[in-house]
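Peer 1: Can you keep this structure in mind? I'll have questions shortly.
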Amino acid sequence: MAASNYSLKVNKLLLDPKFESYRLSLDPLPIYNIELDAAVAEVKLRDDQYTLDHMRAFGMYNYLHCDPWYEDSVYYIDQLGRILNLTVTLDTALCKPREVFRLPSELNTYENRLCASLHFTSSTWVALSDGTGKLYLMRTSKRGESSHGKWEILFSQDLGEPFIIINSLCYVNSGSHSIEVLLLRIKKDELDVKGSGFCVSIEWLTVANISGQDEEKKYTISKRRVLQGKSVPHYAAIEPEGGGLMIASDKPFKFIQVDGKQIEETFEETMDIDEKKDPIYYWQQTAEDITITIRLPEGTTKEAIEFKLSMDSMRVGLHGYAPLLEGQLYALVDTEASAWIMKEDKSLEITLLKKNEGPMWQELVMGNQRGEFIMDPAQAAMINESLRHLTSEDLNANPEQNKPPCNAQELEECDIFPEDSSSLTRLDGSTLKATHVVNLGSHQYLFSVVVNPAEMPCFCLRHDVDALLWQPHGNQPDNMWEHIATFNALGYVQASKRDKKFSTCSPNYSYAALCECLRRVFIYRQPSPVSTVLYNRKEGRQVGQVAKQQVASLESNDTVLGFRATNERLFVLMSKNMFVIKVNTGN
10 MAASNYSLKV
20 NKLLLDPKFE
30 SYRLSLDPLP
40 IYNIELDAAV
50 AEVKLRDDQY
60 TLDHMRAFGM
70 YNYLHCDPWY
80 EDSVYYIDQL
90 GRILNLTVTL
100 DTALCKPREV
110 FRLPSELNTY
120 ENRLCASLHF
130 TSSTWVALSD
140 GTGKLYLMRT
150 SKRGESSHGK
160 WEILFSQDLG
170 EPFIIINSLC
180 YVNSGSHSIE
190 VLLLRIKKDE
200 LDVKGSGFCV
210 SIEWLTVANI
220 SGQDEEKKYT
230 ISKRRVLQGK
240 SVPHYAAIEP
250 EGGGLMIASD
260 KPFKFIQVDG
270 KQIEETFEET
280 MDIDEKKDPI
290 YYWQQTAEDI
300 TITIRLPEGT
310 TKEAIEFKLS
320 MDSMRVGLHG
330 YAPLLEGQLY
340 ALVDTEASAW
350 IMKEDKSLEI
360 TLLKKNEGPM
370 WQELVMGNQR
380 GEFIMDPAQA
390 AMINESLRHL
400 TSEDLNANPE
410 QNKPPCNAQE
420 LEECDIFPED
430 SSSLTRLDGS
440 TLKATHVVNL
450 GSHQYLFSVV
460 VNPAEMPCFC
470 LRHDVDALLW
480 QPHGNQPDNM
490 WEHIATFNAL
500 GYVQASKRDK
510 KFSTCSPNYS
520 YAALCECLRR
530 VFIYRQPSPV
540 STVLYNRKEG
550 RQVGQVAKQQ
560 VASLESNDTV
570 LGFRATNERL
580 FVLMSKNMFV
590 IKVNTGN
């Protein structure tokens, strides 16, 4: 994996350190049940699809698709190959889903197919896969203006092995209309003898109409790029204008093929796989301060050093070069009492005075893995001594105390962190290299949601107990990922839901929602003013806002297959029913 060179900058104005808890509300939620004419086109995993990646990609697939360009409009595909749309304008007058398109081929005749997938490319275009390896690009007209608009196939091609569509967009550049599509496959890997025997492939297609005329005949594939990795990505999206690609995954992805030609690894890239690079800096700490040592190149002068420090961030580098160390600090520092000097051995020594004495830092700069922590021997001996009573040479040192040793299998999900290799990477579409890498570390990925259809999809990460929503900006290198909303304590709450299948939030951040495999839906609202006077008994202060939690139980024993949220409603798709939950009342 490429070294981390970027960190996510939390907007502390969006955090609520005084948040207490959600209060269970018994306010009734209007729930409407729509019976479907034909069952949803669910495709169950085959016997040869037995890995965790197969389950993540296909077994946990969301069969319900929300149109981000038109409010309260959702789509799904049924067993008859029909794409059906439900658009809600009045909850008390819900109609049956209407057919907008029918797949040309009979899906049930294919044995090794995947689930059919759909992605809204723009307000007038849709990308569709039938699950057999065929890609359709269709012009739909403006879907919200007419209920009888015709969907026209302007591009269709068999692309080989079956796939699902995970992202798409379109744009016009120099008179050419281009459509970018991301396809996901899980393939057999004969060279993988120690792992699962499978690899994950992402194909990035560019389909363009070069002439801009005779659209029905001119759309062709102009570029095909293939990436490969060892885990299904949590998030993958193309930047507007197709300039780059962002991927969040447990294992790194790299480009292996362009237009059918293999990409040869350089000697340096091959060595990076087996050898760990030397640290750029070393750091030590006491209860009061932090000491950082950075080795400088020969001939470096004091004037060439660029140093910028604020209470919560730091930037160190040499004039005219990329920063050696940059990002958000683990905790606050006293800027006036901090300093740096150049030592005789041509190294840079930085001393940071902690704002809050006592707590030890877990890392220096959030997400930065390019340094090495050196523990003072006396400090290590002190910690070792304080933990001695917890260890023993015997598995159970006190047989009279009938307590077995700790069993890792008994840990709950909320106690387990993601793998250290989990990362968020921005890959350049021209150079095919990683330009920005964030080590996600303990920031568990929760879900993705489209807040603004003109922007890339947002993603939600766990930060401590909270859940933070991030908006990617591909055209802003200095603000690549912006913290735009916080769901208090949701990171901890969602981890306690052992039967959770889907998570999402409304585009206006007014609530987040979790859905279990069967029946139950949990809604967590943002804090809102209360009409009555409430007091915190422990602190004796008045409480001005309360965050409500609501639980909806659906009248069906079928498995939930799809789950989407709009600003006013939640849509829950099951095999033979669709439930509409009225969450908010429109202004």
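One point on numbering: in my numbering, the residue at position 110 of the sequence shown is 119, and numbering is uninterrupted. For every residue, glycine included, the Cβ atom is placed at its ideal position computed from N, Cα and C.
(1) What is the DSSP secondary structure of E345, reduced to helix, strand or coil?
(2) So what does P481 bridge to, in DSSP terms?
(3) Measuring CA to CA, which of W78, H445, G68, D259 is closest to P516?
(4) Does the stretch 453 to 465 come close enough to the stretch 165 to 175 to have 3 or more Cβ pairs within less than 8 Å?
(5) Within a Cβ cutoff of 7 Å, which residues of the same chain sit near M351, ignoring the five residues on either side of it in sequence?
(6) From the DSSP output, read off the bridge partner residues of K557.
(7) Check the C-beta distance from K510 over to C526 and give it rounded, since I have them as a contact under 8 Å.
(8) Assign V374 to one of three DSSP states: helix, strand, or coil.
(9) Going by alpha carbons, who is nearest to G269 out of E366, F588, K232?
(10) Helix, strand or coil: which one does DSSP assign to G367?
(11) Between which two residues does the beta strand (DSSP E) holding A504 run?
(12) Exposed or buried, which one is N365 when buried takes at least 16 other CB atoms within 10 Å?
(13) How many Å lie between D343 and L361 at the Cα?
(14) Which residue marks the beginning of the beta strand (DSSP E) containing N20, and which one marks its end?
(15) For K227, which of helix, strand or coil comes out of DSSP?
(16) Determine the DSSP secondary structure at P106, reduced to helix, strand or coil.
(17) Using only CA atoms, which one of T141, D76, L17 lies nearest to R122?
(18) CB-CB under 6 Å to G153, same chain, minus the five flanking residues each way: which ones, in chain order?
(19) From the DSSP output, which residues share a beta bridge with T302?
(20) Specify the secondary structure class of H63 as computed by DSSP and reduced to three states.
(21) Rounded to whole angstroms, what's the CA-CA distance from E381 to E248? Just pull it up for me.
(22) Reducing DSSP to helix, strand and coil, say where K197 ends up.
(23) Using a 10 Å radius around the Cβ and a threshold of 16 neighbouring Cβ atoms, would you call A494 buried or exposed?
(24) Bridge partners of L54, per DSSP?
(25) Any idea if N448 is buried or exposed, counting beta-carbon neighbours within 10 angstroms, 16 or more meaning buried?
(26) Which residues does DSSP pair with F580 in a beta bridge?
(27) From S319 to K585, what distance separates their C-alpha atoms?
(28) Taking the alpha-carbon positions, what's the T60 to K239 distance?
(29) Just the C-alpha distance for L477 and E115, rounded to the nearest angstrom, thanks.
Peer 2: Well, looking at it:
(1) E345: strand per DSSP, three-state reduction.
(2) Beta-bridge analysis with DSSP links P481 to W490.
(3) Checked all of W78, H445, G68, D259; the closest Cα to P516 is W78.
(4) Flag = no, the stretch 453 to 465 and the stretch 165 to 175 do not touch.
(5) If we look at M351 and ignore the five residues flanking it on each side, its Cβ neighbours are K311, L357.
(6) Under the DSSP definition of a beta bridge, K557 partners with R32.
(7) With a beta-carbon spacing of about 5 Å, K510 and C526 fall inside the 8 Å limit used to define contacts.
(8) Here V374 sits in strand by DSSP.
(9) It is K232.
(10) Reduced to three states, the DSSP call for G367 is coil.
(11) Not the beta strand (DSSP E): A504 falls in the alpha helix (DSSP H), residues 499 to 504.
(12) Exposed, since its Cβ has fewer than 16 Cβ neighbours within 10 Å.
(13) Straight through space, the alpha carbons of L361 and D343 are spaced by roughly 7 Å.
(14) For N20, no beta strand (DSSP E) encloses it, and the DSSP letter there is neither H nor E.
(15) Judged by DSSP in its simplified three-state form, K227 adopts helix.
(16) The three-state reading of DSSP puts P106 in coil, since its state is none of H, G, I, E or B.
(17) Taking only the C-alpha atoms, the option nearest R122 is T141.
(18) Answer for G153: Y79, listed in chain order.
(19) Answer is Y291, E358.
(20) H63 falls in the helix class under three-state DSSP.
(21) So the two alpha carbons sit approximately 34 Å from each other.
(22) In the structure shown, K197 sits in a strand (DSSP, three-state: E or B).
(23) Buried is the label assigned to A494, since at least 16 other Cβ atoms lie within 10 Å of its Cβ.
(24) L54 is not bridged to any residue.
(25) N448 is buried by the Cβ-count criterion.
(26) Beta-bridge analysis with DSSP links F580 to R573, V589.
(27) Cα-Cα distance, rounded: 57 Å.
(28) Take the alpha-carbon of T60 and the one of K239: they are about 12 Å apart.
(29) Distance between the alpha carbons of L477 and E115: 43 Å.
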